[in-house]
Structure formats: structure tokens, C-alpha cells
Amino acid sequence: MINRIIEEKAIKILFQPIVTVKSNKIMIVEALSRGIETDGVSLISPYILFNEAMRANKLKALDEICIKNALKDFEFVKNKIDNVLLSININMQTIIDNKRNNWFHTLVKEAGIDPKRIIIEILEDSEIDINILEKFVNYNKQKGYLIAIDDIGSGYSGLMRMSVLKPDIIKIDRSLITDISYKKSNQEIVRSLIELGHRLGILVTSEGIETLEDAMKLMEIGVDLQQGYYYSRPKSDIEKLTSKAFERIKIVSISYKKYLSRRINIQKELKTQRTEKVKQLCNQLENCDSEKINQELVKIIKNDAQIELLYVLNNEGIMITDTINRDGDGIQYSHYIFKPARKGEDFSLKNYFIKLNSHKDIYISSPYISTATGVECVTVSKRFTNNEGDLCILCVDLMSSNDVCKLG
0 MINRIIEEKA IKILFQPIVT VKSNKIMIVE ALSRGIETDG VSLISPYILF
50 NEAMRANKLK ALDEICIKNA LKDFEFVKNK IDNVLLSINI NMQTIIDNKR
100 NNWFHTLVKE AGIDPKRIII EILEDSEIDI NILEKFVNYN KQKGYLIAID
150 DIGSGYSGLM RMSVLKPDII KIDRSLITDI SYKKSNQEIV RSLIELGHRL
200 GILVTSEGIE TLEDAMKLME IGVDLQQGYY YSRPKSDIEK LTSKAFERIK
250 IVSISYKKYL SRRINIQKEL KTQRTEKVKQ LCNQLENCDS EKINQELVKI
300 IKNDAQIELL YVLNNEGIMI TDTINRDGDG IQYSHYIFKP ARKGEDFSLK
350 NYFIKLNSHK DIYISSPYIS TATGVECVTV SKRFTNNEGD LCILCVDLMS
400 SNDVCKLG
């Protein structure tokens, strides 16, 4: 099969759009190769195609045919989509087998395409030779090509390759992207990869997007570029590809604007509610002397189902009460690491104490995992003066589940 395909150059190129919703634009098309069966119509999956080539030691020959066909077909695409770039996948083994660093540039020159329109997308390889790859990348960067690294987050070498190769684009692996709208851990991992990429001056692409909700969540997290079946399956028909992609970009844009509006309103309402709640509690505590504050905190928490924990600090950040929780001493903890603080502990390095020391009247933290309970909460803190004239700080841990605004 592989000998026939190479001899006949029986490779069909499909393109998949990589979009930026914020700019309402198809920025890149990725060239994806399929083998053509003997009937001239049916296509062979890339998994079978490239595995057979690897097994027959024909990967270099196959890759070069795929690259040449992609460059040839891109001539038509770039006249249909303004300023679009072409992303071409290259296997690490092909880079090693070619030995010379200029082999890819030679193919592009023969096709008459400006290197600045081309992204070289290097596929993950567990047996990577970073020195050979670094030389190839540096040579082609000097010629004007952009460099992308594929499948970040799926293997062991991704961060090392980012550090050494300094790519222009990274693509986060689909295993982290699929169903990200309801996978909290994946959201935080992807958010961290995006922040790392941006600090290094790298654009971040998410591949494998299949739903509106995932597209919107990735907008919220801050990804730069999006790719996946939701925007378009790989196609050779560029008219259909662009029509589908722009239709979906519009849907994501409209839906995300509505979501942002709802989220902002929810956050404003929650901030007002939390601020008023803590102000009222401080008013209650102003009538207490230091001996009775603990008793008053117990009464407060029994009458308010939204409060997880209560405690009071003095003006130096030292706890002058115990941590008061709804279940008293019978609270069950998931692990020994989660334990409430005790009277006398020092909270002077806590973010909310430092903020209040900067003359802030009231401080509301971002959601975080409480070291007292192991659940996600927000801390609202405010100064008050007890009836003995001592300056104190009330800290209220509230459940953060109400912070969630549903996508879609």
C-alpha cells in the first residue's frame, strides 16, 4: 500500500481552520494528509498511513509528498482567505533522516511561497533528539518560518521543547481540551499553560474543540486560537470550510457576549450581598467584648447556611477566637492536611490581612481551596471595633459555588 501511494503520489490534502473568535478571523489552515485508495475515492486515515510508512522506513518519502501537495494546494486557499497562514506537520524522524537543515526551505522555494506564510508544526516524539531539532528550528526561524509545537500536555518532553526551541505557537493536546467546560482540573492546567505561553511570548492554540460550551470556556480562560470539529471538520472544499467556520465564530461570539454580561451581573450582585452581610455581622460584634465574641460567632453561623467558617483576628493578625464552623468539633475532614486554625495562630501574612492593612475597608478574595476544610470558598474580611475599643478583623469564609455562571 505505502509503495503504491508514494509511487503514485496518491495523497489528498484536507484543510482545517484555526480561528480567532475575538478578531472574527480564520488565521491559519492546517494541512492534513490522507492516502487515496485504489478506487481513487476512498481515503486512508493518517494513523494507518504514517504507521505503515514508519514500518516500511518510508516516512521521509511520504512526508515530502505530503508537504509538496500541501504547498501546491495552498496556492488556491490563500487566494480565498485573506492573509491566512499554512501550518504543515513534520515528523521528528523526517527531520532526522533529511540530515540537512535546508531541505524544507528548498521545497517551499520550489513552490514559490513566502516562508512568512508558513508554520512548521513539529509533532510530539518521545525519542526526540533535541540537538538536531534545535538546529533545524533555528535555521528555519532565520528564513522567516513560524514554529509550532504540537500536543503540549500529552507527553514528557513538551516543556523541555518549549524551553529550548522557543516556538511561536504551542498547541494544547486535545486530551486536556475535550469537555473542558465541566472539567475543573483541566481548566486550571490549561489556564497555567496559557499563562506560561504568554509570559514567554507564545501564542496558544487549543485543538479538539467539539462543543459551543468548550469554545466559550476556552475564550474565558484566555486561549488565543481555537481548532476543532466544532468550527469545521477537515475539508478540501474551501468554500464550505470558510462558511462553516465563520458561522460558528459568530455563534461563539454572540453567546460569549451574553455569558459575560450574565457573569458580570452575578459577580456584582454577589459582591453587594457579601459586603452587606459582613457589614451587618461587624455591627453585631461591635457590641461584644472580647470574652463573648466566640459565643456570638456560634450564634451567627447557626443562622446562616452560606457561611462555612468564622474567626476574628486582632490588629496584628493574631487569631483571638477559635475557628467557628457549623458542625462544631464534630466536623469531618477529608485529610489531615485540612485542619482549622486555633486561637493564637498568626495570620499576618494572609493576603486579606495585608490588603486591609493597606487601608482597604473590606476585602473579598478570589475563590480558593481552604486549608481549614479542603473545599472551595471565598474569604470576606472587614475591620470592626469591639465594645472595649480594640480594633479587630472579622473573617468570613463563604461557599463559592454561587460564583458559577452557566455557559451557553
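Using numbering that gives the first Met the number 0, you'd call the opening residue of the sequence shown number 0 and step up by one each time. The C-beta atom is built at its ideal place from N, Cα and C for all residues, glycine as well.
Short check: CB of residue i to CB of residue j, under 8 Å?
i, j, result
"Cys-287", "Lys-381", "no"
"Ile-208", "Tyr-229", "yes"
"Glu-51", "Met-0", "yes"
"Leu-406", "Tyr-258", "yes"
"Ile-27", "Ile-118", "yes"
"Leu-284", "Asn-385", "yes"
"Tyr-144", "Pro-114", "yes"
"Asn-23", "Ser-252", "yes"
"Arg-33", "Lys-11", "yes"
"Arg-173", "Glu-206", "yes"
"Glu-133", "Ile-89", "no"
"Asn-313", "Cys-391", "yes"
"Asp-149", "Leu-192", "no"
"Leu-355", "Val-277", "no"
"Thr-210", "Ser-180", "yes"
"Leu-308", "Thr-372", "yes"
"Leu-397", "Gln-305", "yes"
"Asp-178", "Leu-202", "no"
"Leu-430", "Arg-116", "There is simply no residue 430 to check, as the chain begins at 0 and stops at 407 in what is shown."
For the beta strand (DSSP E) containing residue i, name the first residue and the last one.
i, result
"Thr-378", "375-384"
"Thr-19", "10-19"
"Leu-406", "Taken as a continuous stretch (DSSP letters only), Leu-406 belongs to no beta strand (DSSP E), as it is neither H nor E."
"Lys-98", "Where Lys-98 is concerned, there is no enclosing beta strand (DSSP E), given that its DSSP letter is neither H nor E."
"Ser-32", "24-35"
Using the C-alpha atoms, what's the distance from residue j back to residue i?
i, j, result
"Ile-64", "Glu-212", "38 Å"
"Val-395", "Lys-291", "18 Å"
"Gln-331", "Ala-214", "Low local confidence applies: a pLDDT of 49 at Gln-331 is under 50, so the model's placement there is unreliable, and no value is given."
"Val-189", "Gly-388", "49 Å"
"Ile-25", "Gly-343", "59 Å"
"Gly-39", "Ser-235", "15 Å"
"Lys-79", "Thr-274", "54 Å"
"Phe-352", "Phe-346", "7 Å"
"Lys-165", "Gln-141", "13 Å"
"Arg-417", "Ile-112", "Residue 417 lies beyond the stretch modelled for the chain, which goes from 0 to 407, so this question has no answer here."
"Gly-152", "Ile-168", "14 Å"
"Asn-350", "Tyr-362", "9 Å"
Assign residue i to buried or exposed, taking buried as 16 or more other Cβ atoms, counted over all protein chains shown, within 10 Å of its Cβ.
i, result
"Thr-378", "buried"
"Arg-3", "exposed"
"Ile-319", "buried"
"Glu-29", "buried"
"Leu-13", "buried"
"Lys-216", "buried"
"Gly-329", "The predicted model places Gly-329 with a pLDDT of 44, which falls under 50 and marks its position as unreliable, so this point remains unresolved."
"Gln-225", "buried"
I need the boundaries of the alpha helix (DSSP H) containing residue i, first residue and last residue.
i, result
"Phe-135", "129-141"
"Tyr-351", "350-356"
"Tyr-46", "45-54"
"Glu-246", "237-284"
"Asn-2", "1-7"
"Ser-184", "183-198"
"Ala-340", "Premise fails: Ala-340 is in no alpha helix (DSSP H) and is neither H nor E."
The segment 10-26 in contact with the segment 220-235 per 3-pair CB rule at 8 Å: Result yes; three or more Cβ-Cβ pairs closer than 8 Å.
Stretch pair the segment 58-74 + the segment 101-117: three plus CB contacts closer than 8 Å: Verdict: yes, contact present.
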